[in-house]
Amino acid sequence: MTIRPASTDWNALAKFFHWSIVVLLLVQGIVALLMDSFPREMRSTVMMLHKSTGVLILLLAIARVAWRLLSKAPPALPEVSAANRLLAHLGHLALYLLLFAVPLSGFLMSAYGGRAVDFYGLFTLPTFVATNESLGEVMHQIHEPLFFALVLLAAAHMAAALYHHFVKRDATLTRMLPGGRG
1 MTIRPASTDW NALAKFFHWS IVVLLLVQGI VALLMDSFPR EMRSTVMMLH
51 KSTGVLILLL AIARVAWRLL SKAPPALPEV SAANRLLAHL GHLALYLLLF
101 AVPLSGFLMS AYGGRAVDFY GLFTLPTFVA TNESLGEVMH QIHEPLFFAL
151 VLLAAAHMAA ALYHHFVKRD ATLTRMLPGG RG
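Per the numbering used here, residue 1 is the first one in the sequence shown, and the count goes up by one each step.
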(Lines of atoms letter the chains of each structure in order from A; the text may use other names.)
(Lines give C-alpha, C1' and ligand atoms only; values in the text may rest on other atoms or scores of the structure.)
Protein backbone atom coordinates (compact mmCIF):
# COMPACT_ATOMS: atom_id res chain seq x y z
CA MET A 1 0.00 0.00 0.00
CA THR A 2 1.34 3.42 -0.99
CA ILE A 3 -0.03 6.69 0.34
CA ARG A 4 -0.22 9.28 -2.43
CA PRO A 5 0.89 12.88 -1.88
CA ALA A 6 -1.80 15.54 -1.59
CA SER A 7 0.50 18.31 -2.84
CA THR A 8 3.89 19.04 -4.29
CA ASP A 9 5.29 19.43 -0.75
CA TRP A 10 6.66 16.62 1.37
CA ASN A 11 4.01 15.47 3.84
CA ALA A 12 4.02 16.56 7.48
CA LEU A 13 5.43 13.27 8.81
CA ALA A 14 8.31 13.30 6.31
CA LYS A 15 9.10 16.87 7.39
CA PHE A 16 8.91 15.87 11.06
CA PHE A 17 11.42 13.04 10.55
CA HIS A 18 13.72 15.27 8.47
CA TRP A 19 13.85 18.23 10.86
CA SER A 20 13.91 16.12 14.04
CA ILE A 21 16.96 14.27 12.75
CA VAL A 22 18.61 17.55 11.70
CA VAL A 23 18.17 19.07 15.17
CA LEU A 24 19.32 15.91 16.97
CA LEU A 25 22.41 15.64 14.73
CA LEU A 26 23.32 19.25 15.52
CA VAL A 27 23.00 18.52 19.24
CA GLN A 28 25.07 15.33 18.86
CA GLY A 29 27.84 17.17 17.04
CA ILE A 30 28.01 19.97 19.58
CA VAL A 31 27.98 17.57 22.54
CA ALA A 32 30.68 15.40 20.95
CA LEU A 33 32.91 18.40 20.28
CA LEU A 34 32.47 19.67 23.84
CA MET A 35 32.64 16.27 25.59
CA ASP A 36 36.08 16.84 27.10
CA SER A 37 35.11 20.28 28.40
CA PHE A 38 32.36 18.93 30.65
CA PRO A 39 33.38 18.47 34.29
CA ARG A 40 34.61 14.93 34.88
CA GLU A 41 31.70 14.12 37.22
CA MET A 42 29.21 15.00 34.44
CA ARG A 43 30.82 13.05 31.59
CA SER A 44 29.14 9.71 32.25
CA THR A 45 25.72 11.41 32.24
CA VAL A 46 26.58 13.38 29.10
CA MET A 47 27.82 10.19 27.41
CA MET A 48 24.61 8.37 28.39
CA LEU A 49 22.60 11.21 26.81
CA HIS A 50 24.85 11.11 23.72
CA LYS A 51 24.35 7.35 23.30
CA SER A 52 20.60 7.63 23.94
CA THR A 53 20.25 10.39 21.37
CA GLY A 54 22.21 8.29 18.88
CA VAL A 55 19.75 5.44 19.39
CA LEU A 56 16.86 7.90 18.99
CA ILE A 57 18.36 9.15 15.70
CA LEU A 58 18.65 5.55 14.50
CA LEU A 59 15.01 4.86 15.42
CA LEU A 60 13.89 8.04 13.65
CA ALA A 61 15.95 7.08 10.58
CA ILE A 62 14.32 3.64 10.52
CA ALA A 63 10.87 5.23 10.86
CA ARG A 64 11.76 7.75 8.16
CA VAL A 65 12.79 5.06 5.69
CA ALA A 66 9.69 3.00 6.52
CA TRP A 67 7.48 6.04 6.00
CA ARG A 68 9.32 6.87 2.77
CA LEU A 69 8.61 3.35 1.50
CA LEU A 70 4.92 3.61 2.46
CA SER A 71 4.23 7.14 1.28
CA LYS A 72 4.68 8.47 -2.21
CA ALA A 73 7.22 11.23 -2.70
CA PRO A 74 5.85 14.45 -4.13
CA PRO A 75 6.23 14.65 -7.89
CA ALA A 76 9.60 15.78 -9.19
CA LEU A 77 9.81 19.43 -10.08
CA PRO A 78 9.74 19.68 -13.88
CA GLU A 79 12.49 22.32 -13.91
CA VAL A 80 14.99 19.99 -12.19
CA SER A 81 17.03 18.06 -14.75
CA ALA A 82 17.23 14.27 -14.80
CA ALA A 83 20.94 14.51 -13.96
CA ASN A 84 20.20 16.64 -10.89
CA ARG A 85 17.43 14.26 -9.83
CA LEU A 86 19.89 11.36 -10.09
CA LEU A 87 22.50 13.26 -8.05
CA ALA A 88 19.87 14.08 -5.43
CA HIS A 89 18.78 10.44 -5.30
CA LEU A 90 22.37 9.22 -4.84
CA GLY A 91 22.98 11.90 -2.21
CA HIS A 92 19.88 10.87 -0.30
CA LEU A 93 20.93 7.22 -0.40
CA ALA A 94 24.34 8.17 1.00
CA LEU A 95 22.70 10.27 3.73
CA TYR A 96 20.46 7.36 4.72
CA LEU A 97 23.43 4.99 4.75
CA LEU A 98 25.35 7.32 7.07
CA LEU A 99 22.26 7.93 9.25
CA PHE A 100 22.36 4.19 9.95
CA ALA A 101 26.14 3.71 10.03
CA VAL A 102 26.99 6.47 12.52
CA PRO A 103 24.65 5.43 15.36
CA LEU A 104 25.23 1.73 14.68
CA SER A 105 29.00 2.17 14.92
CA GLY A 106 28.51 4.05 18.21
CA PHE A 107 26.21 1.38 19.58
CA LEU A 108 28.59 -1.40 18.51
CA MET A 109 31.54 0.48 19.99
CA SER A 110 29.79 0.33 23.36
CA ALA A 111 28.45 -3.20 22.95
CA TYR A 112 31.76 -4.73 21.83
CA GLY A 113 33.51 -2.78 24.58
CA GLY A 114 31.23 -4.39 27.16
CA ARG A 115 29.54 -1.08 27.99
CA ALA A 116 25.75 -0.98 28.21
CA VAL A 117 23.67 1.59 26.39
CA ASP A 118 21.24 3.02 28.90
CA PHE A 119 18.38 4.70 27.01
CA TYR A 120 17.82 8.03 28.80
CA GLY A 121 17.92 6.22 32.14
CA LEU A 122 14.68 4.41 31.30
CA PHE A 123 16.06 0.98 30.37
CA THR A 124 19.22 -0.73 29.20
CA LEU A 125 19.37 -1.92 25.62
CA PRO A 126 20.48 -5.50 24.97
CA THR A 127 23.94 -5.59 23.38
CA PHE A 128 23.24 -8.45 20.91
CA VAL A 129 27.00 -9.16 20.63
CA ALA A 130 29.71 -10.69 22.79
CA THR A 131 32.38 -8.41 24.20
CA ASN A 132 35.22 -8.05 21.71
CA GLU A 133 37.69 -5.25 22.45
CA SER A 134 39.26 -5.48 18.97
CA LEU A 135 35.93 -4.94 17.22
CA GLY A 136 35.06 -2.26 19.76
CA GLU A 137 38.25 -0.44 18.79
CA VAL A 138 37.39 -0.75 15.08
CA MET A 139 33.98 0.81 15.77
CA HIS A 140 35.69 3.54 17.80
CA GLN A 141 38.04 4.26 14.89
CA ILE A 142 35.24 4.57 12.31
CA HIS A 143 32.54 6.31 14.38
CA GLU A 144 33.96 9.84 14.25
CA PRO A 145 35.05 9.75 10.57
CA LEU A 146 31.59 8.46 9.64
CA PHE A 147 30.04 11.37 11.55
CA PHE A 148 32.29 13.86 9.76
CA ALA A 149 31.35 12.28 6.42
CA LEU A 150 27.70 12.71 7.42
CA VAL A 151 28.32 16.36 8.32
CA LEU A 152 30.05 17.01 4.97
CA LEU A 153 27.30 15.30 3.01
CA ALA A 154 24.62 17.15 4.99
CA ALA A 155 26.44 20.44 4.25
CA ALA A 156 26.44 19.58 0.53
CA HIS A 157 22.74 18.69 0.81
CA MET A 158 22.04 22.05 2.46
CA ALA A 159 24.14 23.91 -0.13
CA ALA A 160 22.22 22.22 -2.95
CA ALA A 161 18.89 23.18 -1.35
CA LEU A 162 20.05 26.79 -0.96
CA TYR A 163 21.33 26.81 -4.56
CA HIS A 164 17.93 25.66 -5.78
CA HIS A 165 16.20 28.27 -3.64
CA PHE A 166 18.34 31.34 -4.32
CA VAL A 167 19.88 30.65 -7.74
CA LYS A 168 17.47 28.34 -9.55
CA ARG A 169 14.51 29.84 -7.69
CA ASP A 170 12.58 26.59 -7.64
CA ALA A 171 10.59 24.96 -4.81
CA THR A 172 13.14 22.29 -3.85
CA LEU A 173 13.80 23.84 -0.42
CA THR A 174 10.32 25.13 0.38
CA ARG A 175 8.79 21.67 -0.20
CA MET A 176 10.61 20.42 2.93
CA LEU A 177 10.18 23.49 5.15
CA PRO A 178 7.81 23.16 8.13
CA GLY A 179 4.34 24.46 7.46
CA GLY A 180 3.15 24.58 3.90
CA ARG A 181 0.60 22.29 2.35
CA GLY A 182 2.26 18.95 3.26
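C-beta: ideal position from N, C-alpha, C; glycine also.
One Cα belongs to F166, the other to T174, and the distance between them is close to 11 Å.
In this structure, the straight-line span from the alpha carbon of F123 to that of S81 is close to 48 Å. Under the three-state reduction of DSSP output, L125 falls in the strand class. Judged by DSSP secondary structure, V167 falls outside any beta strand (DSSP E); it is assigned neither H nor E.
Taking the Cα positions, M42 is about 37 Å away from L93. Within the model, the alpha-carbon separation for G106 versus H143 is close to 6 Å. If you ignore the 5 residues before and after V27, its C-beta comes within less than 8 Å of the C-beta of T53, all in its own chain and listed in chain order. The beta strand (DSSP E) runs of length 3 or more contained entirely in the region 100-163 are, from start to end of the chain, 117-119, 123-125.
For V31, the uninterrupted alpha helix (DSSP H) run begins and ends at 12-34, by DSSP.
Look at S44 here: in three-state DSSP terms it is helix.
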